Amino acid sequence: MKKKKAEDYLVELTDADRQILASYCTLCDCLGAYLGSAYEIVVHSLGVGDNFTLKVVNNKSTRAVKVNVDTSFVLAIEQLHARMVNGDLPVIVYFGSGKTGTDMYKSTTIGIIGSENRLIGMLCINFQLNAPFMDIISSLALPSNLVAGHLLLNNQNNNYGYEATLYETIQNTRDVVINNPEIPQKFKRKEIIRRLYEAGVFEIKNGVAICAEVLGVTITTIYMHIRNLDEAKASGGRTR
Numbered sequence: 698m699k700k701k702k703a704e705d706y707l708v709e710l711t712d713a714d715r716q717i718l719a720s721y722c723t724l725c726d727c728l729g730a731y732l733g734s735a736y737e738i739v740v741h742s743l744g745v746g747d748n749f750t751l752k753v754v755n756n757k758s759t760r761a762v763k764v765n766v767d768t769s770f771v772l773a774i775e776q777l778h779a780r781m782v783n784g785d786l787p788v789i790v791y792f793g794s795g796k797t798g799t800d801m802y803k804s805t806t807i808g809i810i811g812s813e814n815r816l817i818g819m820l821c822i823n824f825q826l827n828a829p830f831m832d833i834i835s836s837l838a839l840p841s842n843l844v845a846g847h848l849l850l851n852n853q854n855n856n857y858g859y860e861a862t863l864y865e866t867i868q869n870t871r872d873v874v875i876n877n878p879e880i881p882q883k884f885k886r887k888e889i890i891r892r893l894y895e896a897g898v899f900e901i902k903n904g905v906a907i908c909a910e911v912l913g914v915t916i917t918t919i920y921m922h923i924r925n926l927d928e929a930k931a932s933g934g935r936t937r
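Our numbering puts the sequence shown at residues 698 to 937.
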């Protein structure tokens, strides 16, 4: 039997297929935010005329970024097709390494199923086995701030105590900023949110919603400031 080439697995995408792939690109960002920098997350498209790589989060190697379907992915695509034919979940898990053999990783490749039950893409999650320990532990540890310390001491089933700590911290931060004459009035809200951001308040459950309530703004407004602070942090700039 003639061996299939990578191009043989490409499909014509429908509008519904493209919406599905777009939703996986959003999921890619969400998983990256939750899992941390030790995980490389990639969305690949098998659409005719598409770039093979649609989205990369926490890019760790040039291996993930491809314009065209690479022959190294053919085996994975074949395995996904075989699992679908047999009625199994379209997912494979494996260990591998980079070309030098020093970049070890554990990977999972998940088939993205589109219209007419066709394989239209892949979601790949690669965990660096030799990732710096701090990269891994930083995604698991609570923020080293007063709020986190209080929450560890509180009974997590005690919602009143849990939220009372958040309210108290946010209100105290607000009062300190509001009563500081050196901070211009038009920048006070931004400064309050910046201080809460640096204190790790928004990494705590309900932190965003409670902050919005205390400050009398929408949750969307809080997220707008968080996004700006995230971008400043990622670019190496100050969050002020």
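Every residue, glycine too, gets a C-beta built ideally from N, C-alpha and C. Nothing here was measured: the structure is a model prediction, and the numbers come from that model.
* To do: Write down every uninterrupted run of the alpha helix (DSSP H) in the segment 781 to 834 whose length is 4 residues or greater and which is fully enclosed by it, in chain order.
  => 830 to 834
* Cβ-based burial, K752 [other Cβ within 10 Å; buried from 16] -> By 1-based counting over the sequence shown, the position of residue 752 is 55. Per the 10 Å Cβ criterion, buried.
* Apart from the five residues on each side of it in sequence, which residues of its chain come closer than 8 Å, Cβ to Cβ, to I709? -> Taking the first residue of the sequence shown as position 1, residue 709 is located at position 12. It is Glu, not Ile, that sits at residue 709 in the sequence shown. Excluding sequence neighbours, E709 sits near G744 and V745.
* **Buried versus exposed call for Y731 [16 or more other C-beta atoms within 10 Å across all chains shown]** => For this step, residue 731 is matched to residue 34 along the sequence shown. Per the 10 Å Cβ criterion, exposed.
* Could you check the C-alpha separation between T862 and R871 for me, to the nearest Å? => The residue you call residue 862 lines up with position 165 of the sequence shown. The residue you call residue 871 lines up with position 174 of the sequence shown. When rounded, the distance between both Cα atoms is 14 Å.
* **Buried/exposed call for V790, threshold 16 Cβ in 10 Å** => As a working mapping, residue 790 is identified with position 93 in the sequence shown. When all chains shown are included, V790 counts as exposed.
* Asked: If we ignore side chains and look at the alpha-carbon of each, how far apart do R891 and R924 end up?
  -> Sequence index remark: in the sequence shown, residue 891 carries index 194 (1-based). Sequence index remark: in the sequence shown, residue 924 carries index 227 (1-based). Those two C-alpha atoms are separated by around 11 Å.
* Asked: Would L786 be called buried (16 or more neighbouring beta carbons within 10 Å of its own) or exposed?
  -> Residue 786 sits at position 89 when you count from the first residue of the sequence shown. By the neighbour-count rule (16 or more Cβ atoms within 10 Å), L786 is not buried but exposed.
* To do: State buried or exposed for C727, treating a residue as buried only when at least 16 other CB atoms are found within 10 Å of its CB.
  => The residue labelled residue 727 in the question sits at position 30 within the sequence shown. It counts as exposed.
* To do: State whether the segment 876 to 884 contacts the segment 914 to 922, with contact taken as three or more CB pairs (one from each stretch) at a distance under 8 Å.
  => no
* Confirm, please, whether the CB-CB distance from I738 to C725 is below 8 Å. => Mapped onto the sequence shown, residue 725 falls at position 28. Mapped onto the sequence shown, residue 738 falls at position 41. Yes; because the gap between Cβ atoms is below 8 Å, this pair is in contact.
* Asked: Span of the beta strand (DSSP E) holding L944?
  -> Examination of residue 944 is not possible in this model, given that the chain is present from 698 through 937 alone.
* Asked: Just to confirm, are I774 and Y706 a CB contact at a threshold of 8 Å?
  -> Along the sequence shown, read from residue 1 onward, the residue named residue 774 stands at position 77. Along the sequence shown, read from residue 1 onward, the residue named residue 706 stands at position 9. Cβ distance < 8 Å, so I774 and Y706 count as in contact.
* For the putative contact between Y802 and F824, defined by C-beta atoms under 8 Å, what is the C-beta separation to the nearest angstrom? -> Along the sequence shown, read from residue 1 onward, the residue named residue 802 stands at position 105. Along the sequence shown, read from residue 1 onward, the residue named residue 824 stands at position 127. At roughly 6 Å, the Cβ-Cβ gap stays under 8 Å, so Y802 and F824 are in contact.
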